[in-house]
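Trainee: Everything in the sequence shown is counted per numbering that gives the first Met the number 0, starting at 0 for the first residue and increasing by one. Every residue, glycine too, gets a C-beta built ideally from N, C-alpha and C. Take this structure first; my questions come after.
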Amino acid sequence: MRQRYKDVIDPSIPKVSSGRLIRLSNFDSRHVQPRNIDVWLPENYDESRRYSVLYMHDGQMLFDSTITWNHQAWDADKHLSKLMKGKQAKECIIVGIWNNGKLRHSEYLPEKAIQYLPAAIKDSLLKETLAGKPQADNYLQFIVEELKPYIDSTFSTRPDQQNTYIAGSSMGGLISMYAMCEYPQVFGVAACLSTHWIGDFNIKNEVFPRAFIEYMRNKLPSPKNHKFYFDFGTIGLDSNYPAHQKKVDSIMKQKGYRKSIWITRKCEGADHSEISWNQRLDIPLLFLLKK
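Here it is in structure tokens:
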């Protein structure tokens with residue numbers, strides 16, 4: 000028997016263009032601090048049918064630009080609804096996981112990649128960037144051991160690996176890659192938009208990209224049943240990514256990833272913002288969910 004959820008009337012809950020949004024307020028965890036989870040159910044959601052599930056980071060930025068800090072949003076509901084209505088994408092639920100503000104960097108920076116950093120960099124990273132402690136492994140444990148079981152027991156999902164997807168942008172792109180590498184039995188496809196390969200706030204650093212690439216060299220899952228989407232823009236912060244993405248692409252090729260299961264896309268004129276991610280969201284969604 001499924002758990003029940005409640006529709007809550009709350010002006011802080013994002014308004015969506017179609018379907019409906021269920022707010023799981025201050026979702027508790029043994030691994031990380033509580034946070035809101037926004038679950039988008041498509042129009043005509045029917046518990047007699049089964050739905051794939053897309054887990055997305057920075058959940059407060061996904062649906063409604065009128066309540067985000069920068070008045071921008073991905074409009075994920077609008078894009079996925081259009082693709083589903085056009086019979087282009089599988090029926091899917093979106094689970095928007097709110098970030099934790101001041102601990103966002105700590106939760107999203109791939110923890111096991113830190114071992115490939117020089118000792119001096121590790122020390123400064125812990126003190127200055129990660130609030131004293133990396134939290135990415137705890138964050139992924141929260142998703143895999145607590146959030147996903149709740150979603151699968153509450154909503155009508157397809158819980159298998161081939162119907163469980165993960166996506167994010169910037170640092171959210173890094174943690175999506177990391178999730179696939181750490182839990183290849185759970186996630187089948189990852190979409191990493193404007194992946195922040197430079198890792199911290201120093202755009203000229205080379206040590207973080209090297210660490211991430213070395214981690215991927217050792218931990219990329221089998222291409223037999225996994226797919227990756229990467230992209231980057233050409234303006235602003237995104238203009239720092241192409242050289243690093245090229246090295247990542249080389250690792251992907253070495254590990255046997257080919258066109259049908261891996262794409263890296265250069266997005267001319269795109270910058271590092273929700274507006275840009277919104278404008279191209281159909282592309283990764285189709286890669287993830289194409290029928």
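1. Assuming residue 194 contacts residue 176 (C-beta within less than 8 Å), just tell me the rounded distance between them.
2. Mind checking which residues open and close the beta strand (DSSP E) that includes residue 265?
3. Check residue 0 in the structure and name its three-state DSSP category.
4. Should residue 142 be labelled buried (16 or more other beta-carbon atoms within 10 Å of its own) or exposed?
5. Kindly provide the ranges of any alpha helix (DSSP H) runs that are 4 or more residues long and lie completely inside the region 119-151, ordered along the chain.
6. Give the straight-line distance between the Cα atoms of residue 107 and residue 126, rounded to the nearest whole angstrom.
7. To the nearest angstrom, report how far apart residue 128 and residue 199 are at their CA atoms.
8. Rounded to a whole number of angstroms, what is the C-alpha to C-alpha distance between residue 78 and residue 272?
9. Residue 303 by DSSP, collapsed to three states: which one?
10. Let me know the secondary structure DSSP gives residue 166 once reduced to three states.
11. Do you know whose CA, among 239, 190, 105 and 117, lies nearest residue 287's CA?
12. Leaving aside the five residues before and after residue 212 along the sequence, list all residues of the same chain whose C-beta is less than 7 Å from its C-beta, in chain order.
13. Below 7 Å between beta carbons: does that hold for residue 139 and residue 90?
14. Output the distance between the C-alpha atoms of residue 242 and residue 157, rounded to the nearest integer angstrom.
15. For residue 262 and residue 240, which I take to be in contact (beta-carbon distance under 8 Å), what is that distance rounded to the nearest angstrom?
16. Tell me whether residue 24 sits in a helix, a strand or coil according to DSSP, three-state version.
17. Output needed for residue 172: all residues of its chain with C-beta closer than 7 Å, excluding positions within five of it in sequence on either side, in chain order.
Mentor: Straight from the coordinates:
1. By one-based count along the sequence shown, residue 194 stands at place 195. By one-based count along the sequence shown, residue 176 stands at place 177. Indeed, because the Cβ distance is near 7 Å, the residues count as touching under 8 Å.
2. Within the sequence shown, numbered from 1, the residue matching residue 265 stands at position 266. 261-266 is the extent of the beta strand (DSSP E) around residue 265.
3. As a first step, residue 0 must be located in the sequence shown, where it is residue number 1. Note that residue 0 has pLDDT 47, beneath the 50 cutoff, so the model's placement of it is unreliable and no number is given.
4. Reading the sequence shown from its first residue, position 143 is the one you call residue 142. The residue in question, residue 142, is buried, as its Cβ has 16 or more Cβ neighbours within 10 Å.
5. 135-140
6. Sequence index remark: in the sequence shown, residue 107 carries index 108 (1-based). Sequence index remark: in the sequence shown, residue 126 carries index 127 (1-based). C-alpha separation (whole angstroms): 16 Å.
7. As a position in the sequence shown, residue 128 is number 129, starting the count at 1. As a position in the sequence shown, residue 199 is number 200, starting the count at 1. Those two C-alpha atoms are separated by around 8 Å.
8. Taking the sequence shown and counting its residues from 1, the one referred to as residue 78 is at position 79. Taking the sequence shown and counting its residues from 1, the one referred to as residue 272 is at position 273. Straight-line Cα distance between these residues: approximately 17 Å.
9. The requested residue 303 is not part of the displayed model; the chain covers only 0 to 290.
10. The residue you call residue 166 lines up with position 167 of the sequence shown. Residue 166 falls in the strand class under three-state DSSP.
11. What you label residue 287 is simply residue 288 of the sequence shown in a count that begins at 1. For the residues 239, 190, 105 and 117, the minimum Cα distance to residue 287 belongs to 190.
12. Within the sequence shown, numbered from 1, the residue matching residue 212 stands at position 213. Cβ within range, chain order: 246, 247 and 250.
13. Counted from its first residue, the sequence shown places residue 139 at position 140. Counted from its first residue, the sequence shown places residue 90 at position 91. No, the Cβ-Cβ distance between residue 139 and residue 90 is not below 7 Å.
14. By one-based count along the sequence shown, residue 242 stands at place 243. By one-based count along the sequence shown, residue 157 stands at place 158. Those two C-alpha atoms are separated by around 38 Å.
15. Position 263 of the sequence shown holds residue 262. Position 241 of the sequence shown holds residue 240. About 15 Å separates the two Cβ atoms, so there is no contact after all.
16. Position 25 of the sequence shown holds residue 24. Reduced to three states, the DSSP call for residue 24 is strand.
17. As a working note, residue 172 is residue 173 in the sequence shown. The answer, listed in chain order, is 191, 192, 193, 194 and 195.
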